[in-house]
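Report on the following structure.
There are 2 protein chains.
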Amino acid sequence: MNYSISDAATRAGISIHTLHYYEREGLLHVARASSGHRRYTSDDLAWIGILTCLRETGMPIRTMREFAKLVQQDSSNIPERIQILEAHRLEVIEHLAALQHNLEHVEGKIGFYKKVLAQGKTQS
Amino acid sequence: MNYSISDAATRAGISIHTLHYYEREGLLHVARASSGHRRYTSDDLAWIGILTCLRETGMPIRTMREFAKLVQQDSSNIPERIQILEAHRLEVIEHLAALQHNLEHVEGKIGFYKKVLAQGKTQS
DNA sequence: TCTTGTCCTTGAGTGCACTCGAGGTTCTAA
DNA sequence: TTAGAACCTCGAGTGCACTCAAGGACAAGA
């Protein structure tokens, strides 16, 4: 079973344009029908899922390109793939911690405003 | 006590250029010395801290501008301020959940690669 | 066959958040 | 007094990740 680009876009939850873009950027290599139209396999979709996961966690395209390049080669470079993912993992964890920290500040501010509101009401 | 722009930038952990930019964008209004040089008060620095917190949690500049506008007015609009912050809070929480979810995928992938390495087998 | 919708490529455009440069003024320390 | 650092404004430039448009080829149902 394989998929047209619009199927693939729907299933991956990204736009056709983004799929084109990812291919231009060397993140993806998709087989073609005799017509020249792209035919996505379920392996392609799984790989797009990984790309999307990496993007949504903030990995820049250039790093994704490096990773994609390694995956396209043989399995002798798995240690390098792990290295990229581990480095990324640490960045995500840091980002999560920062977000959580800043979220507390936002919530503190909300709490402050609510207190001001409550006091203003009892006064007037 | 007040601060020069370079002091303010250092204390806020952002660049002088970004401070100029934020002021151009209406996020910030700083008093001037007779020379025309900006003089940041500690209130300004606290406000810059809030701005930085909102930015680091992904609030777009245009929303920050709305919020800044409300803060510049009187306290009668505190409910609207709360509304902006609450909406932002929900977005941050969603983003955190998505990040956490995707982080698990990344970790799963790392685990997979490590298993492949341990077994000495090949597969992407 | 015809029509309408999907797909192709290439190159340009968009939006965001900075970031920089030029040309000039002001401050500060020797 | 004077050299050099810090500051000012304004407009342009940058990097990123898309996003779109034009002009043409291909596909599938009536």
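Line by line, the protein sequences are chains A and B.
Going by my numbering, the final residue of the first sequence carries number 1367, and the count climbs one at a time with no gaps.
Going by my numbering, the final residue of the second sequence carries number 1367, and the count climbs one at a time with no gaps.
All C-beta atoms, glycine included, are put in the ideal place defined by N, C-alpha and C.
Opening and closing residue of the alpha helix (DSSP H) in which residue i lies
i       : result
T1253/B : I1248 to A1255
L1262/A : I1259 to R1267
Chain-ordered neighbours of residue i on chain A, where CB pairs are closer than 8 Å
i       : result
T1300/B : L1342, N1345, L1346 and V1349
Backbone CA spacing between residue i and residue j [nearest angstrom]
i       : j       : result
D1250/A : G1292/A : 14 Å
S1367/B : V1314/A : Caution is warranted here: a pLDDT of 46 is assigned to S1367/B, below 50, making its placement in the model unreliable, and the coordinate value is therefore given only provisionally. Approximately 7 Å, taken between the alpha carbons.
A1368/B : H1263/B : Residue 1368/B is absent from the structure shown; chain B starts at 1244 and stops at 1367.
C1296/A : V1349/B : 8 Å
T1365/B : S1319/A : Caution is warranted here: a pLDDT of 48 is assigned to T1365/B, below 50, making its placement in the model unreliable, and the coordinate value is therefore given only provisionally. T1365/B and S1319/A: Cα-Cα distance of roughly 8 Å.
T1284/A : R1267/B : 50 Å
L1328/A : P1322/B : 44 Å
K1357/B : F1310/A : 16 Å
G1279/B : Y1265/B : 18 Å
E1256/B : T1306/A : The amino acid at residue 1256/B is misidentified as Glu; the sequence shows Gly. Whole-angstrom Cα-Cα distance: 27 Å.
K1352/A : K1312/B : 16 Å
Unbroken beta strand (DSSP E) run spanning residue i, endpoints
i       : result
T1284/A : R1281 to T1284
Closer than 7 Å at the beta carbon, the chain A residues around residue i
i       : result
E1329/B : I1353
S1285/B : By Cβ distance, chain A contributes nothing, its closest Cβ being about 17 Å from S1285/B, past 7 Å.
Buried/exposed call for residue i, threshold 16 Cβ in 10 Å
i       : result
L1271/A : buried
F1355/A : exposed
D1317/B : exposed
R1281/A : buried
A1340/A : exposed
L1333/A : exposed
H1331/A : buried
M1244/A : exposed
R1324/A : buried
A1274/A : exposed
T1300/A : buried
D1286/B : exposed
Where residue i meets chain A, residues with beta-carbon distance less than 9 Å
i       : result
P1322/B : Y1356 and L1360
L1339/B : L1339, L1342, Q1343 and L1346
R1305/B : Correct list: empty, because the minimum Cβ distance to chain A is about 18 Å.
- Task: Please specify which runs of the alpha helix (DSSP H), each continuous and at least 4 residues long, are wholly inside the region 1300 to 1358 of chain B, giving them in chain order.
- Result: Here the runs fully enclosed are 1304 to 1315.
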